[in-house]
Every structure is written in C-alpha cells, then in structure tokens.
Amino acid sequence: MKKLIIYDGLCIYCRDFIKILRKLDNNKFNFLEYKDKISQKILKKQFTKIGFSLYLFDTNYVYYVRDAVKRILSILRMPKILQEFCYNLHSYIVKGVSFLTRRNKEVQEPKGSKKIKNEVKKLIKNLRFINSKLSRTQ
C-alpha cells in the first residue's frame, strides 16, 4: 500500500515540499490537500482534535509535522544528516513562512507518531488514486 501524505495546499512551503516529493517520489506516496473533504474525514476518524499540519499515513502509523518530514525523507533514503537538518529546522521554517505570508495558522505539533485506527486504514485502502492524485470518479 502506498503511503498517504495530507498537506496544507494553501501554504507555499508545503506546496513546494510536495512538488519536490513528487519529483523524488518513485511511486511511494499519494497526496491529498488538507482542505479536501476526504482528508477531513480521515483526520476526524483518526484524531479527536485536528489542526493544520503535514500528516504521513505510513503502513501502521501516522506521523505529524516534522516527524512526518523526517519519516518521508527516510522512506526516500535521504542521508541521515539531511533528515536531522530538516527535522530540526522545520518548526522555524513553518513559523517564518506563516509570519511572512500573514496566514498565522496554528500548526498541530504533537510528538512522534500514533497507530493508525483500523477504520482509517480501510478508508485509505479504498481510495482510488491516479498519478498520486485522488480520482473523483469514485
């Protein structure tokens, strides 16, 4: 099963990160924007409280924000030093971009990862993607 990344499509930093990922992807990820109804359904089933964030739904765990970035880079087999660098700078970049664009969105910043609920796994498994984008003909 491909991993699912949910990202903030209105954030320039997030969009650019996803553009880079699409080029490096090698067919490992599917992508959904945070504002998408399917994304919201997945997040509401998985969490009691959701916020703007980057989410990676891996095989059994969901990773958030900078932990998601680090895990994504690990999946892409990027050097450990790059993984740590991005992990450590992520919060500063997000705050800087938020300040510069005056979006001032609250970023959900839990630590680590959480086991994916079975009902969420089934929902993700049943989604149909074409070229890593959700097919709307379901």
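The numbering used here applies: residue 47 is where the sequence shown begins, and numbers increase by one.
From the three backbone atoms N, C-alpha and C, an ideal C-beta is built for every residue, glycine too.
CB of Q92 within 8 Å of CB of V108, strictly: What you label residue 92 is simply residue 46 of the sequence shown in a count that begins at 1. What you label residue 108 is simply residue 62 of the sequence shown in a count that begins at 1. Yes, Cβ-Cβ distance for Q92 and V108 is below 8 Å.
Pairwise C-alpha distance: L67 and C60: Locating residue 60 in the sequence shown gives position 14, counting from the first residue. Locating residue 67 in the sequence shown gives position 21, counting from the first residue. Inter-residue distance for C60 and L67 is about 10 Å (C-alpha atoms, whole angstroms).
Short Cβ contact (8 Å threshold) for F77 with Y53: If you number the sequence shown from 1, residue 77 lands on position 31. If you number the sequence shown from 1, residue 53 lands on position 7. Using a Cβ distance threshold of 8 Å, F77 and Y53 count as a contacting pair.
Boundaries of the alpha helix (DSSP H) in which Y6 is found, first to last residue: Any answer about residue 6 is impossible in this case: the structure gives the chain only from 47 up to 184.
Beta-carbon spacing of C132, L146 below 8 Å: Indexing the sequence shown from 1 puts residue 132 at position 86. Indexing the sequence shown from 1 puts residue 146 at position 100. Taking the C-beta atoms as reference points, L146 is found no nearer than 8 Å to C132.
Y6, DSSP secondary structure in three states: Because the chain here runs from 47 to 184, residue 6 falls outside it and cannot be looked at.
Closest residue to D104 among N164, K48 and Q86 (Cα-Cα distance): Mapped onto the sequence shown, residue 104 falls at position 58. Residue K48 is the option with its Cα nearest to D104.
Status (buried if at least 16 other CB within 10 Å, exposed otherwise) for I127: The residue you call residue 127 lines up with position 81 of the sequence shown. Counting Cβ neighbours within 10 Å, I127 comes out exposed, since fewer than 16 surround it.
CB of I51 within 8 Å of CB of Y110, strictly: Translated into positions along the sequence shown, residue 51 becomes position 5. Translated into positions along the sequence shown, residue 110 becomes position 64. No, Cβ-Cβ distance for I51 and Y110 is not below 8 Å.
Chain D within 8 Å of F103, Cβ atoms only: Although the question refers to chain D, the structure presented lacks it and comprises just one protein chain.
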